[in-house]
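Visitor: Quick note on the numbering used here: the sequence shown kicks off at 9 and runs consecutively.
Even glycine gets a Cβ: it sits at the ideal position worked out from N, Cα and C.
Below you will find the structure I want to go over with you.
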Amino acid sequence: MSKTKISRRNLLKASLATMAAVSLPKLVLAMAEENVFYLTAKKSSLLFFNGAAASELWTYNGVLSGPEIRVKQGAEITVIFENQLDEATSIHWHGIRIDNKMDGVSGLTQEAVPPGEKFTYKFVAPDAGTFWYHAHNMSWSHVARGLYGALIIDEKTPLFDPDHDITIIVDDWRLDAQGRLDVDSIGGVKEWAHSGRLGNIITVNGELRPNILLNQNETYRLRVINVANSRIIAFDINQLGAEIIAYDGQTLGSPRKTNHSPLFLGPAQRVDLMLTPKSTQNIPLSNLGDAEPYNIANFVIQENSAPIKPTPRLTRNILPIPDFTQAEFHKIIIQGGAMSRMGAPIYKGKKLTIIESMESQQIWALNGIANLDDKPMFDLKQGKTIVIDFKNDTSFRHAMHIHGHHFKIISGNGVTYDEQLWKDTFLINPNSTIQIAFVADNLGKWLLHCHMLEHAAGGMNTWFRIT
């Protein structure tokens, strides 16, 4: 953590002194015409709290936590993107089973959009669910400065009306003693080699510890998105009293009650919760992941004597089911970082020395190779079932993400799971194994990487090809 960090306790005192109960604004991006949107990446001067020094953030359309893009399932979306920054950038549509050339990965599926230039993204949203978009060139820097937003794909007949469908974007920020974004600490090698860049405050939809108004006896869908560079959020799910209805945009067969806490949500992961307040007692949204647990938001419950209505029936997306009778098996070993047994990786076809590894900050590897090689990690045939065994041979947790596909998590540490959940990002603990399976149905070059963005930049980044 930065030596100049602001005290969270003092920060909360400053920010809460005048805070009243408010309903978070629905920052839904207006359409220029049906399903056509304009996004502009630009510098924005914003305050994190009253009395703070102004921070120069990078935002889409000047909105902290980004404008929300919302369309119906099956719609063709057009996003006309303009880059008004001084650095090239691109946009990735996280979790969307998208046409490869629209995936937004600079250096793989497109060239980054230069300063002053425009690029048009056009793609179909096949799945209803909670997704998000973010910068995908130098993501460790661009996302840390604020380049992200929610992408919500409603069912053709939405399950919840807009007043009962709430997006909750969770991020952490590292502020200096003046309450300003600490840009000098972005890109430090120590963070790349450890747990990644962690902030000293957490915001919800760009606000510090907001109060969110709900009505008693009414059912709400809470779409929670962790957009932090590297922080794993540990939600106190029991205190919240909600049921889980979806992970990473894919609904479960039925709402799931939980009897455990916390619920870990890694970087880039999403969870949809269904909450029906049955009393007027306020409900905190708490993070248990720090030495001192604290509330990141509060649900303020207004009295309502109306009876509780039946909960909506969940609908599931149609995904290709793995066929294990003809599966192709691969293994990926996650290596590197501090306290590593790896030594130095291969980078750009060359075996690095330890000194070269540190100087280039290529300190993580997948199967001994750091970052994108000229050749794919593996070549796959379209329609083939793929099973990948991940082994985390490091001292740190990782959030592994696969572009363009959802996969089933089959087992962990050799134990087969009874319920095999669909996800696009999964957490793997140190010295652990996870087995996933998916159908390689989406043609193109696809990224596979750790979504601790400093880990990805430091080498935990590869690609595969489907033909």
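(1) Using alpha carbons as the reference points, say which of Ile85, Asn303, Ile240 and Met282 lies closest to Leu222.
(2) Measuring only the C-alpha atoms, how far is Gly422 from Asp401?
(3) For Glu76, does the three-state DSSP call read helix, strand or coil?
(4) Would you identify the three-state DSSP class for Val197, choosing helix, strand or coil?
(5) Short of 6 Å in beta carbon distance, which residues of its chain neighbour Val132, apart from the five on each side in sequence? Order them along the chain.
(6) For His409, report the span of its beta strand (DSSP E) as first-last.
(7) Looking at the structure shown, is Lys109 part of a helix, part of a strand, or coil, going by DSSP?
(8) Mapping the DSSP letters down to three states, classify Pro301 as helix, strand or coil.
(9) With a threshold of 8 Å, are at least 3 pairs of Cβ atoms found where one atom belongs to the region 304–317 and the other to the region 365–376?
(10) Return the chain-ordered ranges of every beta strand (DSSP E) run that is complete within the region 348–374 and spans a minimum of 3 residues.
(11) What residues in its chain sit with their C-beta under 6 Å from that of Trp148, if we drop five residues either side in the sequence?
(12) With three or more C-beta pairs closer than 8 Å as the rule, is the region 179–192 touching the region 58–75?
(13) Is the beta carbon of Ala96 sitting closer than 8 Å to the one on Val113?
(14) DSSP has Gln343 in a bridge; who is on the other side?
(15) Report the rounded CA-to-CA distance for Phe272 versus Ser294, giving the unit in angstroms.
(16) Exposed or buried, what is Cys458 when buried is set at 16 or more other beta-carbons lying within 10 Å of its beta-carbon?
(17) Less than 8 Å separating the beta-carbons of Pro218 and Ile245?
(18) Closest to Phe446 by CA distance: which of Ser419, Ile329 and Gly420 is it?
(19) Identify, in the order they occur along the chain, each residue of the same chain with its Cβ nearer than 6 Å to the Cβ of Ser440, setting aside the five sequence neighbours on each side.
(20) For Val191, which three-state DSSP category applies?
(21) Helix, strand or coil: which one does DSSP assign to Leu65?
(22) Just to confirm, is the Cβ distance from Phe139 to His102 under 8 Å?
(23) Does the beta-carbon of Gln118 have 16 or more other beta-carbons within 10 angstroms, so that it is buried, or is it exposed?
(24) Given a cut-off of 8 Å, decide if Phe57 and Leu181 are closer than it, judged by their beta-carbon atoms.
(25) For the 8 Å Cβ check, are there 3 or more pairs between the region 159–173 and the region 423–430?
(26) Out of Ile177, Asn325 and Lys130, which has the shortest C-alpha to C-alpha gap to Ala136?
(27) Compute the Euclidean distance between the alpha carbons of Asp173 and Asp280, then round it to the nearest angstrom.
(28) Note down, in chain order, each residue of its chain lying with its Cβ closer than 8 Å to the Cβ of Val197, except the 5 sequence neighbours on either side.
(29) Between Val5 and the rest of its own chain, which residues show a CB-CB distance below 6 Å, the 5 nearest in sequence each way excluded?
(30) Which whole-angstrom value describes the C-beta separation of Met408 and Ile436, a residue pair presumed to lie in contact below a C-beta threshold of 8 Å?
(31) Under a three-way DSSP split, which group does Pro218 fall into?
(32) Express the C-alpha separation of Thr259 and Ser241 in angstroms, rounding to a whole number.
(33) Thinking just about the alpha-carbon of each residue, which of Pro170, Glu226, Asp449 and Ile233 is nearest to the one in Ser287?
(34) How about Gly1 and Gly467: do their beta carbons lie closer than 8 Å?
(35) For the putative contact between Gly412 and Asn108, defined by C-beta atoms under 8 Å, what is the C-beta separation to the nearest angstrom?
Guide: Taking the geometry as given:
(1) When only C-alpha atoms are compared, the closest one is Met282.
(2) Separation of Gly422 and Asp401 (C-alpha to C-alpha, rounded to the nearest whole angstrom) is 15 Å.
(3) It is a strand residue.
(4) The answer is helix: DSSP assigns Val197 an H, G or I state.
(5) For Val132, same chain residues with a beta-carbon under 6 Å away, outside a window of 5 residues either side, are Glu84 in chain order.
(6) Boundaries of the beta strand (DSSP E) around His409: His406 to Ile410.
(7) In the structure shown, Lys109 sits in a helix (DSSP, three-state: H, G or I).
(8) Looking at Pro301 - three-state DSSP - the assignment turns out to be coil, as it is neither helix nor strand.
(9) No: the two stretches stay apart, fewer than three of their Cβ pairs being nearer than 8 Å.
(10) Scanning the region 348–374 for uninterrupted beta strand (DSSP E) segments of 3 residues or longer gives 372–374, listed from N- to C-terminal end.
(11) Cβ contact annotation for Trp148 (same chain, cutoff 6 Å, sequence separation greater than five): Leu461, Glu462 and Ala465, in chain order.
(12) A contact exists between the region 58–75 and the region 179–192.
(13) Contact: no.
(14) In the DSSP output, where bridge partners are listed per residue, Gln343 has Ala373.
(15) Whole-angstrom Cα-Cα distance: 12 Å.
(16) The residue is buried, with at least 16 neighbouring Cβ atoms inside 10 Å.
(17) The answer is no: Cβ separation not under 8 Å.
(18) Of Ser419, Ile329 and Gly420, the residue nearest in Cα terms is Ile329.
(19) In its chain, beyond the 5 residues on either side, Asn400 and Asn421 have a beta carbon closer than 6 Å to the beta carbon of Ser440.
(20) Residue state, collapsed to three classes: helix.
(21) In the structure shown, Leu65 falls within a strand segment according to DSSP collapsed to helix, strand and coil.
(22) If you check the CB distance, Phe139 and His102 come in under 8 Å.
(23) Result: buried.
(24) In the sequence as displayed, the identity of residue 181 is Trp instead of Leu. No, Cβ-Cβ distance for Trp181 and Phe57 is not below 8 Å.
(25) Between the region 159–173 and the region 423–430 there are fewer than three C-beta pairs closer than 8 Å, too few to call the two in contact.
(26) Measuring from the Cα of Ala136, the nearest candidate turns out to be Asn325.
(27) Cα-Cα distance, rounded: 10 Å.
(28) So the list reads Met366, Gln369 and Ile371, once near-sequence residues are dropped.
(29) Residue coverage of the chain in this structure runs from 9 to 475, which leaves residue 5 outside it and unanswerable.
(30) About 6 Å separates the two Cβ atoms, so the contact holds.
(31) Looking at Pro218 - three-state DSSP - the assignment turns out to be coil, as it is neither helix nor strand.
(32) The sequence shown places Ile at residue 241, rather than the Ser named in the question. So the alpha carbons of these two residues sit roughly 21 Å apart.
(33) Out of Pro170, Glu226, Asp449 and Ile233, the CA that lies nearest to the CA of Ser287 is found in Glu226.
(34) For residue 1 there is no data in the structure shown, the boundaries of the chain being 9 and 475.
(35) Yes, they are in contact, since the Cβ atoms of Gly412 and Asn108 sit about 7 Å apart, within 8 Å.
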